[in-house]
Each structure stands twice: as C-alpha cells, then as structure tokens.
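In what follows, a structure is listed as structure tokens, so that the remarks can point back to it.
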Amino acid sequence: MKKIIFITSFFGLATVMSCNDSVLDKVNPNGVTFETYFTNDNELIAGVNGAYAILQGFSLGAREWFFLHDLRGDEMATGGGQLEAPRNQLLIGVNDPANSVANSVFTGWFRTIHRANVVLESANKKDASFSADIKNRVTGEAKFLRAWAYYELGTLWGGVPLYTEYVKSVEGAKPRASQQDVYKQVIDDLKAAESVLPATYPANQYGRATKAAAQVLMARTYLQLGDYGSAKTELEKVVNSGLYKLVDNYLDLTNEEGEFNAESIFEIAFSPSNGAFNWSGPDGDGASAQEETIRTQEYSPIGWRNLIPSDKILDNYERASKGDTKNDPRFDMSFWKDGDKFNNGADVIKDENVQGNSSKIDGKTLKISWRKYSVLYKSNSGFTTSGINMRVMRYADVLLMLAECENELGNSAKAIQLMNQVRARASVNMPAYPTKNYPCDSKASVFAALQHERYVELAAEQVRNFDIIRWRKNKKATSEPISYFVASKHELLPLPQTEIDNNPSIDPKDQNPGY
Numbered sequence: 001m002k003k004i005i006f007i008t009s010f011f012g013l014a015t016v017m018s019c020n021d022s023v024l025d026k027v028n029p030n031g032v033t034f035e036t037y038f039t040n041d042n043e044l045i046a047g048v049n050g051a052y053a054i055l056q057g058f059s060l061g062a063r064e065w066f067f068l069h070d071l072r073g074d075e076m077a078t079g080g081g082q083l084e085a086p087r088n089q090l091l092i093g094v095n096d097p098a099n100s101v102a103n104s105v106f107t108g109w110f111r112t113i114h115r116a117n118v119v120l121e122s123a124n125k126k127d128a129s130f131s132a133d134i135k136n137r138v139t140g141e142a143k144f145l146r147a148w149a150y151y152e153l154g155t156l157w158g159g160v161p162l163y164t165e166y167v168k169s170v171e172g173a174k175p176r177a178s179q180q181d182v183y184k185q186v187i188d189d190l191k192a193a194e195s196v197l198p199a200t201y202p203a204n205q206y207g208r209a210t211k212a213a214a215q216v217l218m219a220r221t222y223l224q225l226g227d228y229g230s231a232k233t234e235l236e237k238v239v240n241s242g243l244y245k246l247v248d249n250y251l252d253l254t255n256e257e258g259e260f261n262a263e264s265i266f267e268i269a270f271s272p273s274n275g276a277f278n279w280s281g282p283d284g285d286g287a288s289a290q291e292e293t294i295r296t297q298e299y300s301p302i303g304w305r306n307l308i309p310s311d312k313i314l315d316n317y318e319r320a321s322k323g324d325t326k327n328d329p330r331f332d333m334s335f336w337k338d339g340d341k342f343n344n345g346a347d348v349i350k351d352e353n354v355q356g357n358s359s360k361i362d363g364k365t366l367k368i369s370w371r372k373y374s375v376l377y378k379s380n381s382g383f384t385t386s387g388i389n390m391r392v393m394r395y396a397d398v399l400l401m402l403a404e405c406e407n408e409l410g411n412s413a414k415a416i417q418l419m420n421q422v423r424a425r426a427s428v429n430m431p432a433y434p435t436k437n438y439p440c441d442s443k444a445s446v447f448a449a450l451q452h453e454r455y456v457e458l459a460a461e462q463v464r465n466f467d468i469i470r471w472r473k474n475k476k477a478t479s480e481p482i483s484y485f486v487a488s489k490h491e492l493l494p495l496p497q498t499e500i501d502n503n504p505s506i507d508p509k510d511q512n513p514g515y
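Okay, structure coming up:
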C-alpha cells in the first residue's frame with residue numbers, strides 16, 4: 001500500500017542577511033519570509049508536512065523516541081556492553097538532566113510544537129487564499145501534532161512551557177506550566193482537531209492524522225488523568241465508527257507489508273530504505289525524500305542488538321510449560337530465537353552468531369531478540385535502516401483501553417468480552433478469559449488479566465511506559481514494576497539542563513524533584 005512521505009518544502013525561519021555591516025538591518029528582498037509565504041493551500045500543506053517530518057527524524061520516531069519509552073519500561077534488558085552509556089543510564093534509572101537521549105526527545109517535541117504553531121498562526125493570515133476544507137483539515141492536523149507533543153512532554157516531564165503561538169524572540173520564552181494545564185491544552189487541542197479532521201484519507205495521503213487518532217489520543221490523556229468515563233466516551237466513538245477491526249495476522253502489525261491495515265489508526269510513515277538515513281539531523285529534513293528508521297539494527301539478533309526482551313516479559317507469555325492451556329503464538333511472532341528462519345526462509349538464526357547477553361526462560365539460557373519491527377524476515381542483514389512504519393495507535397489497544405474503562409466503571413463482564421476479542425485474533429486464538437491463571441472473578445482479577453493482556457499484546461510498541469506511569473499515578477498498580485524506582489524522583493524525567501540554562505523564565509529551582 002502506498003504511504004505518504006512528509007518532507008519539508010519550507011521552514012527556513014530566518015531570512016537571508018547580508019554580511020556587510022552597513023546592511024545588517026535589512027532583509028534580503030529575495031528571501032522567503034512569513035509575510036510572503038503561506039498564502040495558498042499548497043504552502044499551508046507544506047507547512048504541516050514540515051511538522052510531520054519531525055516525527056520521522058532521528059530525535060523522535062526514527063530512533064530516540066522509541067528508545068526512550070522502551071528504556072523507561074520493564075520490557076527491556078541490556079543487550080550487552082554495546083549499549084551506549086546514555087541509554088544504559090535510562091535503563092537503570094541513573095540518568096541526569098544532561099542525558100542526551102531524553103533531551104533529544106524533549107527538543108524534538110518542542111520543534112514539533114514550534115512548526116505546528118507556525119502553521120496555526122499562518123492559517124489565520126487575512127491576505128491568504130486558503131480553501132475552507134484545506135484550512136480546516138490542516139489546522140486539525142497541526143492541533144493534533146501539538147497535542148501529541150504536549151501529551152508526551154506532560155506525561156514524561158510533568159509541567160513544561162506552554163506555547164500556543166510560535167516564539168519570535170528569546171523574550172517569548174515561557175515558564176513551566178502545571179501538568180494539569182498541559183493536559184488541559186492537550187484536550188482542548190484534540191477537541192478542536194476532532195471536529196475538523198476527516199475520518200479517512202485517500203491512499204496517497206495515508207499517514208495524516210484522522211478523527212479517530214484525535215479520539216484515541218484524547219482517551220490516553222483522560223486515562224492519565226484517571227477519568228475513565230471520558231476515556232470510554234472517546235474510545236466508543238472509534239469502535240462505533242466501524243472503520244477499524246483486528247487483522248488476522250499478528251505479524252502484519254509490525255512488518256512492512258501490513259502498513260495502514262484495517263487495525264491501524266495512526267502510524268509514523270517511513271519509506272523503503274535506500275541508505276540515506278540522516279544521522280546528523282534531528283528533524284527528518286534530509287536532502288532525500290527517503291525517510292527511514294534504524295529500529296532493525298538497534299534490536300535485531302543480527303545487528304547491534306542494543307536491547308533485548310527482559311526475562312520478565314518473556315515469562316509473561318502463557319505457555320504449556322507453565323500450566324497454561326497452550327503456548328501463546330504471540331511469543332514466536334514477537335521474538336527471534338535460535339533455529340528461527342529469516343531472510344524469506346533462506347537463513348537460520350544461530351545463537352553462536354548472535355552477540356551480547358542471553359535470556360533465561362523455562363530454565364534454559366537462550367539468546368532471544370526482538371522480532372517486532374525487524375526487517376530480517378525478508379533480509380539477510382540486521383545492520384540496515386528500514387522503511388517499516390511505527391504503529392503509534394492500533395485498534396487492539398482501543399479495545400483493551402475500553403476494557404480497562406469498563407472494569408473501572410463496574411462492568412467487568414464487558415471488559416472480559418473486549419479482552420477476549422483481542423485473544424480471538426485468527427493467528428493468536430488464545431483460550432477465552434477466565435483461564436486457570438487469570439480467573440477474572442473480581443474487579444481486581446480482571447484488572448490483573450488486563451495488565452497481562454496489554455503486556456503481551458502491545459509488547460515493544462511504546463505503550464508500556466505510559467501504562468506504568470498512569471497506573472502508578474492513579475494508584476492502580478498492586479506492585480512497583482520498575483526495580484530501581486525511587487518515589488518522588490522517578491515518576492518524571494528531569495528537565496534538560498539546556499532548558500534550564502537557556503530559558504530565562506526557568507530557574508534551577510524549577511527542576512523536577514530528585515534531580
């Protein structure tokens with residue numbers, strides 16, 4: 001299926017200036033400025049494409065975004081000494097305000113906000129000739145992107161500066177807002193986006209935000225706030241739309257051939273690899289239209305293998321050796337292990353050819369690696385970039401979030417039914433709840449089953465970190481899942497030191513507790 005490639009056709013925020021001292025106060029009359037750009041539909045679309053491009057960049061979807069979430073959860077373990085120091089610091093909870101991985105994501109989201117704000121402000125130019133349909137749609141897309149950025153920032157860092165117009169000078173720097181105010185801005189933006197975003201797009205426009213994407217993000221925000229009733233309302237809109245369903249093949253959820261399928265609600269779009277990955281630029285603005293991700297070489301057994309599945313996540317899958325009725329097929333579809341065939345069946349993974357640490361499962365020591373988002377299934381090299389889209393939102397997550405809401409609101413029977421829909425996927429076909437190990441005979445035991453189902457269904461899909469944060473914050477977790485966790489410190493990431501140093505409205509005393 002054809003995917004859209006978002007590239008930036010305009011975002012030179014500074015005009016070209018002469019080097020002659022006598023004309024330093026003059027603008028190049030041939031330069032592009034905000035006064036002369038954003039005057040028609042194509043230019044407005046180019047502007048929002050520039051905001052999408054940040055998602056594809058090194059600082060977000062292509063690398064650091066998935067790393068940050070994976071390192072903050074309990075699905076991952078170090079692959080060995082090859083794991084870089086800033087990543088290992090996040091994995092074991094000793095990161096500080098200078099951590100380059102976290103700071104790259106922080107900066108990436110604010111760049112997204114800046115570009116979205118440029119579009120939103122430009123859409124209101126009185127001398128522009130925008131069509132109503134394009135103006136409304138692009139405005140909705142920009143508000144969705146700004147909301148997503150603030151959802152991530154507010155959840156990971158707490159209160160952050162709130163910018164609803166693009167910053168034109170240092171004097172425009174804002175102080176920290178409260179986390180509550182950040183979430184309020186997210187919800188306000190998403191309500192506005194929901195009202196104007198289309199339900200669907202033609203195939204050559206896949207990758208843009210839809211109405212359902214806004215609704216899912218709103219539900220995630222309400223769940224962070226512990227507002228299950230409002231989250232349920234948004235999730236039911238997605239279900240009742242009739243536009244989405246579970247796909248039969250679980251592998252299609254993280255391979256290239258299954259992109260933009262019936263289960264997909266929002267994806268970060270990438271293009272098939274041509275070796276043009278932009279290592280030096282954080283914004284996805286490379287000279288080529290090819291935008292790629294390096295997920296394959298980061299996690300694959302033949303590759304850097306920087307992170308591997310934790311023994312905890314491996315042990316969570318149901319299997320006969322633990323007394324369960326059957327082995328969960330999602331195990332084999334989520335991980336590579338010794339004896340598995342790859343490269344279209346032409347090659348076989350062997351432990352002796354896999355570098356790094358081993359895992360322990362059922363008393364055995366094996367080198368198990370992540371299969372999700374790995375292009376090895378059709379390639380003989382893990383040291384490669386790939387074009388596999390990152391699935392940010394999918395329908396199974398909607399059903400499981402809705403199940404959680406139903407259980408919290410007193411309808412456990414409905415919650416069980418929703419979970420069983422996910423387990424009944426044709427390629428999974430796991431026994432329906434209740435099961436021997438998940439009896440589902442109380443609200444608490446239904447929640448335990450829900451936690452398990454989310455853990456294995458959505459493993460390594462950048463969801464677990466958010467789940468842990470909200471369950472901890474809303475006092476839903478019965479035990480702390482992160483071994484290094486220290487209360488009043490690890491709930492939030494530290495504000496980047498560069499933000500404290502460079503933002504005149506933020507002082508060292510504004511740093512998050514524990515740092």
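If you read the sequence shown in full-length UniProt numbering, its first letter stands for residue 1, the second for the next number, and so on.
Idealized CB from N, CA, C, for every residue including glycine.
Cβ distance (whole Å) where P439 is taken to contact V354 below 8 Å: Sequence index remark: in the sequence shown, residue 439 carries index 439 (1-based). Sequence index remark: in the sequence shown, residue 354 carries index 354 (1-based). Incorrect: roughly 38 Å between the Cβ atoms, too far for contact.
Taking 8 Å as the cut-off, does the region 209-227 touch the region 373-380 (at least 3 CB pairs, one atom from each stretch)? no
Which runs of the alpha helix (DSSP H) spanning at least 4 residues fall entirely within the UniProt region "Disordered" (496-515), listed in chain order? 497-502
Would you kindly report the start and end of the unbroken beta strand (DSSP E) that includes S359? Translated into positions along the sequence shown, residue 359 becomes position 359. 359-361 is the extent of the beta strand (DSSP E) around S359.
According to DSSP, is V392 part of a helix, a strand, or is it coil? In the sequence shown, the residue the question calls residue 392 occupies position 392. Three-state result, V392: strand.
Once DSSP output is grouped into helix, strand and coil, what is the label at V348? Within the sequence shown, residue 348 is the residue found at index 348, counting from 1. V348: strand per DSSP, three-state reduction.
D324 and N437 look like a contact to me (Cβ under 8 Å); what is the Cβ gap, rounded to whole Å? As a working mapping, residue 324 is identified with position 324 in the sequence shown. As a working mapping, residue 437 is identified with position 437 in the sequence shown. Going by Cβ atoms, the distance from D324 to N437 rounds to 6 Å, so yes, they are a contact pair.
Quick one: give me the first and last residue of the beta strand (DSSP E) that E457 is part of. In the sequence shown, the residue the question calls residue 457 occupies position 457. It is not in any beta strand (DSSP E) - E457 instead sits in the alpha helix (DSSP H) that spans 443-457.
So, using beta-carbon positions, are G73 and R464 closer together than 7 Å? The residue given as residue 73 occupies position 73 in the sequence shown. The residue given as residue 464 occupies position 464 in the sequence shown. Taking 7 Å as the Cβ cut-off, G73 and R464 qualify as a contacting pair.
Would you list the one or two residues that DSSP bridges to K78? Here residue 78 refers to the residue found at position 78 when the sequence shown is read from its first residue. One detail in the question is off: residue 78 reads as Thr in this sequence, not Lys. Beta-bridge pairing links T78 to L307.
Which class does P329 belong to by DSSP, given the choice of helix, strand or coil? Residue mapping note: residue 329 aligns to position 329 of the sequence shown, counting from 1. Note: P329 maps to helix in three-state DSSP.
Let me check one thing: in DSSP terms, what residues is K341 bridge-paired to? Your numbering for residue 341 matches position 341 in the sequence shown. For K341, which the question treats as bridged, DSSP gives the partners V348.
Own chain partners of A320 with C-beta closer than 7 Å, once the 5 adjacent residues on each side are dropped: Residue 320 sits at position 320 when you count from the first residue of the sequence shown. For A320, where only same-chain residues beyond five positions count, the Cβ hits under 7 Å are K326, N327.
By DSSP, does T233 sit in helix, in strand, or in coil? On the sequence shown, position 233 is the one that residue 233 refers to. Helix at T233.
Taking DSSP's pairing of strands, which residues face E267 in a bridge? By one-based count along the sequence shown, residue 267 stands at place 267. E267 is bridged to R391.
In angstroms with no decimal places, state the Cα-to-Cα distance between W65 and L400. Position 65 of the sequence shown, counted from the first residue, corresponds to residue 65. Position 400 of the sequence shown, counted from the first residue, corresponds to residue 400. So the two alpha carbons sit approximately 23 Å from each other.
Evaluate G345 with the Cβ neighbour count: other Cβ atoms within 10 Å of its Cβ, from every protein chain shown; 16 or more gives buried, anything less gives exposed. As a working note, residue 345 is residue 345 in the sequence shown. When all chains shown are included, G345 counts as exposed.
Option in K367, P504, P86, V119 with minimal Cα separation from T39: Looking up residue 39 in the sequence shown gives position 39. T39 has its Cα closest to that of V119, out of K367, P504, P86, V119.
Same chain, Cβ closer than 8 Å to A116, five either side skipped, listed in chain order: Translated into positions along the sequence shown, residue 116 becomes position 116. Excluding sequence neighbours, A116 sits near V48, A51, A142, K143, L145, R146, A149.
Using a Cβ-Cβ cut-off of 8 Å (strictly less than) and excluding sequence neighbours within five positions of I45, which residues of its own chain qualify? If you number the sequence shown from 1, residue 45 lands on position 45. Once the five neighbours on either side are set aside, the close Cβ partners of I45 are I134, V138.
Is any non-hydrogen atom of the ligand MG found closer than 6 Å to the C-beta of L156, if you look at the structure I gave you? Absence of the ligand MG is noted for the structure shown, with no ligands found whatsoever.
Please go through the same chain and pick out, in chain order, the residues whose beta-carbon is closer than 7 Å to the beta-carbon of P481, but skip the five residues on each side of it. The residue you call residue 481 lines up with position 481 of the sequence shown. Excluding positions up to five away in sequence, the list reads D74, I468.
Where DSSP assigns a beta bridge to T385, which residues make up the other side? For the purposes of this step, residue 385 is taken as residue 385 along the sequence shown, with counting starting at 1. In the DSSP output, where bridge partners are listed per residue, T385 has none listed.
In this structure, how does DSSP classify S18 when only helix, strand and coil are distinguished? On the sequence shown, position 18 is the one that residue 18 refers to. Per-residue confidence for S18 stands at a pLDDT of 31, beneath the threshold of 50, marking its modelled position as unreliable; the derived number appears in the next sentence. Three-state result, S18: coil.
Anyone know if the C-beta pair for T210 and F277 falls short of 7 Å? Position 210 of the sequence shown, counting from 1, holds the residue named residue 210. Position 277 of the sequence shown, counting from 1, holds the residue named residue 277. Going by C-beta atoms, T210 is not nearer than 7 Å to F277.
Going straight from the alpha carbon of N420 to that of A231, what length do you get? Here residue 420 refers to the residue found at position 420 of the sequence shown. Here residue 231 refers to the residue found at position 231 of the sequence shown. Each residue's alpha carbon lies about 20 Å from the other.
Would you report the Cα separation of N411 and L162, rounded to the nearest angstrom? Walking along the sequence shown from the start, residue 411 turns up at place 411. Walking along the sequence shown from the start, residue 162 turns up at place 162. If I take the Cα positions, the gap works out to 38 Å.
Have a look at G79, E35, S104 and flag the residue whose alpha-carbon is nearest the alpha-carbon of P494. Mapped onto the sequence shown, residue 494 falls at position 494. Closest by alpha carbon: S104.
Can you tell which of Q417, I500, G356, R470 has its C-alpha closest to the C-alpha of A77? Within the sequence shown, the letter at position 77 stands for residue 77. Per the Cα distances, G356.
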